[in-house]
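To start, the structure under review is shown below, and the notes come after it.
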Amino acid sequence: MKNLLEIKNLNACVGEKQILKDFSFEIEPGKVYAIMGPNGSGKSTLSNVIAGNPVYSVTSGKMLFKGKDLSKMTPDVRANEGIFLGFQYPIEIPGISYAQFLKQALTSKMKYLGQKPLDAVAYIKRLKVRAQALGVTDEMLKRPVNVGFSGGEKKRMETLQMAFLEPDFCILDEMDSGLDVDALKIVADGVNLMREENRSFLLITHYERLLDLIEPDVIYIMVDGHIVEKGDKSLARKLEENGYADYK
Amino acid sequence: MVMQTINKIISANEKINDVLMNQSGLLDVVVYENASYDLNLLQAGQSLKVKVSLLGQNACCTLRTVYLSGTDADNKIEFEVIHAVEQTNSKQEIKGVAAGFGKADFYGVIRMPHGSQKCEGSQSHKALLLSDNACIKCTPELEIYADDVKCAHGSSIGTLDETYLFYLMSRGIDETTARQMLIKAFLLSDMPQAFETEIDKWMEANE
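If you're matching them up, the sequences are chains A and B in order. Residue numbering for the first sequence follows our numbering, starting at 1 and increasing by one per position. Residue numbering for the second sequence follows our numbering, starting at 249 and increasing by one per position.
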């Protein structure tokens, strides 16, 4: 099957510091992947590099998404092509309401895809259905983006954005951090509902408990900027018992 | 351009709320006891001085201002608030942006002379530089001769936060639209929504 995302020998750095070192992996459509690794191994850098965060610079290597070269795309184009990054620490933006933000994001995507923008009724319906499934209230949608939200609410809102924009490739960077058991279940259910034949997920996590709720097809272990092992869900159990000592 | 002087007298117990745009010259306001004067001001390339004299006990004023400076549209704004008697309050909230080769010069002074005990005054100035060639100068000044007052000022001038920009762009919003959303959110937060149309027009021309 043709890969959704293909990364080959990617090197990337922040300032002078090299983080990704000859990183290579492949993402097939319709599969759920998890990346686990010790702190500082480059997991968040990888997600930001794929999403196009200008703080990180790619020095060599290839990233192909649906066969297209990602390096030539700005972050908005990557998003409209179907890449979504759920942030580990979603930022607060005073003065922009969630409703306004989501509407602009969807309008941008439809314009990029050459589709007619949704009318007000269709837009509200699309938003409400997804908001209700995630327990997001109207009041939360009226508030400025993430301002005054708890850690759990912020992650829930990231999941809402993902459900609303319907991307093809969803990277969830430590979505389980800061979530209590109930909130984690809500968010995991939201992700599971979105699992489809053509949609892939990359879960970045430290904990097996997330992978009990969202069962991955493949687990990658990342150490010092590159993949050191690939396996199935049993890898997570092994890590839980032995830690990363075997890979250092 | 004709520089004009506008005089306003806010009589005792009166409450006045003004929304003004693109003024030049001098706005001279006196506020008597138990009266309040709220000014909501938008400036986009003018030179204006606002002088408010709080002449009666419990008189207060709030000066909210948004300024937009662009190439060939510099702003010069001067605020002078005089707490002439005790127990008076003033608040200044200024937000601005400068784009292209635009310049802004804000000078704000709060005067609390002898006898102005129990007064409170504050001034906050926040601004964004939207290009490498834009220039913003802020000069806050407190002149205090009374010993039982509260008076504060703060000023910050920065650029658009790249983290915010990336967050919006990572949701598919193009850079120009994302910048405009952030600028507008910055300017309109705690400011009159009546300025929205003017800000939109200014951004179309300058961003």
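Cβ atoms here follow ideal geometry from the backbone N, Cα and C, with glycine treated the same way.
Item, Value
"Beta carbon proximity, Leu141(A) to chain B, threshold 8 Å", "no"
"Own chain partners of Gly231(A) with C-beta closer than 7 Å, once the 5 adjacent residues on each side are dropped", "Ile219"
"Length of the line joining the Cα atoms of Asp320(B) and Gly350(B)", "6 Å"
"Where the beta strand (DSSP E) through Pro94(A) begins and ends", "93 to 97"
"7 Å CB neighbourhood of Gln335(B) in its chain, flanking five on each side removed", "Gln305, Asn306, Lys366, Cys367"
"Chain B contact for Leu4(A) (CB, 8 Å cutoff)", "no"
"Gln132(A) (DSSP reduced to helix, strand or coil)", "helix"
"Leu302(B) beta carbon less than 8 Å from that of Cys309(B)", "yes"
"Identity of the residue in Ser60(A), Phe84(A), Pro29(A), Glu28(A) nearest Ile19(A) by Cα", "Ser60(A)"
"Supposed close pair Ala382(B), Ala426(B) - CB separation, criterion 8 Å", "At roughly 19 Å, the Cβ-Cβ gap does not stay under 8 Å, so Ala382(B) and Ala426(B) are not in contact."
"Beta carbon proximity, Leu263(A) to chain B, threshold 8 Å", "With chain A covering 1 to 248 only, the question about residue 263(A) has no answer from this structure."
"Neighbour list for Gln115(A) in chain B, Cβ cutoff strictly below 8 Å", "Neighbours of Gln115(A) on chain B: none; closest Cβ ~13 Å, over 8 Å."
"Beta-carbon proximity of Asp224(A) to Lys62(A), cut-off 8 Å", "no"
"Length of the line joining the Cα atoms of Thr107(A) and Leu118(A)", "8 Å"
"Alpha-carbon to alpha-carbon, Glu423(B) and Pro167(A)", "20 Å"
"Spatial distance of Leu113(A) from Ile421(B) (CA atoms)", "13 Å"
"Min CB distance Gln104(A) to chain B below 8 Å", "yes"
"Beta-carbon proximity check, Phe84(A) vs Asp173(A), cutoff 8 Å", "no"
"Simplified DSSP assignment, three categories, for Phe23(A)", "strand"
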